[in-house]
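For reference, the structure is listed below as structure tokens.
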Amino acid sequence: MTGNGTGQMQDQLALRSRLSDMTQLSPWIESLATRHAIPGNVQFAIELCLEEVVSNVIRHGYAGAEDCSVLVSFAMPRESYFEFVVDDEAQPFNPLEAPELGALSPDEETRVGGQGIRLVRQFADAVEYQPKASGNRLSMGFSAAK
Amino acid sequence: MRVILDGKLDIEGAAAIDLKMNIIAGSRKAVLVDMRNVSFLGSMGLRALVAPARAIKGRGGKIVLFAPNEMVEKVLKTSGTDTLIPVHHELQSALDALQLT
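Read top to bottom, the protein sequences are chains Z and U. Counting from 21, one number per residue, gives the positions in the first sequence under the working numbering. Counting from 1243, one number per residue, gives the positions in the second sequence under the working numbering.
Encoded structure:
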């Protein structure tokens, strides 16, 4: 962790592009939640969105390549507001422009997934995509002041 | 059959139940999944519920979810999973819903 005080608070988790590395996400988020008094429902939303975004980068962005970088950064730009940024070096992909699949329905006989973007849009208070010279940056904000 | 899930259905939790849920889905026609002790449900966890649910229903069976917490239920509703696997908060209504006609 670097810095002290709300505006300067930052923490990072560096992962490799392996699904097994994702087991580091949950304890990292729990540690942040303890240190910054993140309420339980907000912690739930953060974990849901990060699991979805990071697994998408690993499975689709890097398409199975196992030694690429996924960097997750945490910042608290103001009180009761928690920002997470996911940086990768994968092919350009803006998930916010990807067509959102409809909710699951009993009429479909096969589909089991495709809910990721829908969940992120519902559970994060702000989502922003930025293309990088080499890769992608997705920022998500979560407010405890609701 | 009553399946009691416990803990987090994240990527790790989903992997832990995947095989068992698929075995149950292949052999049972009435399944109550007790969600009272599930503290987290992510999209991988959803898959671990939806795939066996479709298999059970495809064989003419029924499956219900019992008593998820508020945030878990929000995930179920946002994803539309509750339209595929009904959610019940009363045990008797969950059991009644499993009656095979």
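Glycine included, every Cβ here is placed at the ideal spot set by N, Cα and C.
A Cβ-Cβ separation of about 6 Å places Z/Asp108 in contact with Z/Gly81 under the 8 Å criterion. In terms of Cβ geometry, Z/Glu67 and U/Phe1308 do not form a close pair [threshold 9 Å].
Under the DSSP assignment, U/Asn1311 falls outside any beta strand (DSSP E); it carries neither an H nor an E label. A check of alpha carbon separations from U/Leu1333 across U/Ala1258, U/Gly1255, U/Val1275 identifies U/Val1275 as the nearest. By the CB criterion at 9 Å, Z/Val90 and Z/Asp41 fall inside the cutoff. Against chain Z, the beta carbon of U/Met1313 has neighbours under 7 Å at Asn61, Phe64, listed in chain order.
For Z/Thr54, no chain U residue has a Cβ inside 9 Å of its Cβ, as the nearest lies near 16 Å away.
Using beta-carbon distances, U/Leu1337 does not count as an interface residue toward chain Z, since no partner is under 9 Å. Taking a Cβ-Cβ cut-off of 7 Å, the neighbours of Z/Gln142 in chain U comprise Thr1320, given in sequence order. Within the same chain, and ignoring the five residues on either side of U/Arg1278 in sequence, the residues whose Cβ sits closer than 6 Å to its Cβ are Ala1309. Residues of the same chain with a CB within less than 7 Å of the CB of U/Gly1255, apart from the 5 flanking positions on each side, are Gly1249, Gly1287 in chain order. Counting every other CB atom within 10 Å of its CB across the protein chains shown gives U/Met1313 a total of 16 or more, marking it as buried. Listed as beta-bridge partners of Z/Asp107 by DSSP are Z/Leu91, Z/Arg157.
Relative to Z/Tyr101, the option among Z/Ala34, Z/Ser154, Z/His56 whose CA is nearest is Z/His56. Beyond the five residues adjoining it in sequence on each side, Z/Ala65 comes within less than 8 Å, by CB distance, of Phe143, Ala144, Phe162 in the same chain, given in chain order. Secondary structure of Z/Asn61 (DSSP, three-state): helix. Here the alpha carbon of Z/Gly136 sits roughly 13 Å from the alpha carbon of Z/Glu117. Excluding residues up to 5 positions away in sequence, Gly161 lie with their Cβ nearer than 6 Å to the Cβ of Z/Ala146 in the same chain. In the three-state scheme derived from DSSP, where H, G and I count as helix and E and B as strand, Z/Gly136 is classed as helix. Assigned with DSSP and collapsed to three states, U/Gly1249 falls in strand. At least one CB atom of chain U sits nearer than 9 Å to the CB of Z/Ser46. Taking 9 Å as the threshold, the shortest C-beta distance from Z/Arg138 to chain U falls below it.
When DSSP states are grouped into helix, strand and coil, Z/Asp145 belongs to the coil group. Separation of Z/Lys152 and U/Ala1258 (C-alpha to C-alpha, rounded to the nearest whole angstrom) is 36 Å.
Here U/Thr1323 is buried. Its C-beta has 16 or more other C-beta atoms within 10 Å. Here the alpha carbon of Z/Ser75 sits roughly 22 Å from the alpha carbon of Z/Gly60.
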